[in-house]
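Under the working numbering, the first residue of the sequence shown carries the number 1, and numbering increases by one thereafter.
C-beta: ideal position from N, C-alpha, C; glycine also.
The structure appears right after this line, and notes come after that.
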Amino acid sequence: MNPQQILGQLRARYSLERLSAVYEAPEPYLRDRVPEWRREYPGLEEGPARVSRSGP
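What follows is the structure, given as C-alpha cells:
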C-alpha cells in the first residue's frame with residue numbers, strides 16, 4: 001500500500017470506501033492512517049487535482 005498514491009486518489013475524490021475495496025484494507029484502518037500520511041507527505045492532498053491538458 002502506497003500512502004502517496006492513496007493521498008493522490010483522495011485528492012482525485014475517490015472515497016475511503018472505494019479505496020478500502022481496492023487496497024483490501026479496512027476502511028477504519030485507512031481513516032486512522034490518512035491524518036498521519038498527510039503530516040508525513042504534506043501537500044499531496046491540497047486543493048483539487050491538476051488536470052494536464054495538452055493540445056495539438
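- Exposed unless 16 or more other CB atoms sit within 10 angstroms - verdict on Q9: buried
- Query: Where I6 and E27 are concerned, what is the direct C-alpha to C-alpha distance, given to the nearest angstrom?
  - Reply: Per the coordinates, the alpha-carbon of I6 lies some 12 angstroms from the alpha-carbon of E27.
- State the DSSP-derived secondary structure class of S20, mapped to helix, strand or coil. Helix.
- The alpha helix (DSSP H) enclosing Y41, as first and last residue numbers: Note, Y41: premise wrong, no alpha helix (DSSP H); not H, not E.
- Compute the beta-carbon to beta-carbon distance between L16 and R39, rounded to the nearest angstrom, for a pair I have assumed lies under 8 angstroms. That pair is no contact at about 18 angstroms.
- Beta-carbon separation (whole angstroms), Y41 vs P3, contact threshold 8 angstroms: Right, the Cβ-Cβ distance comes to about 6 angstroms (below 8 angstroms), so this counts as a contact.
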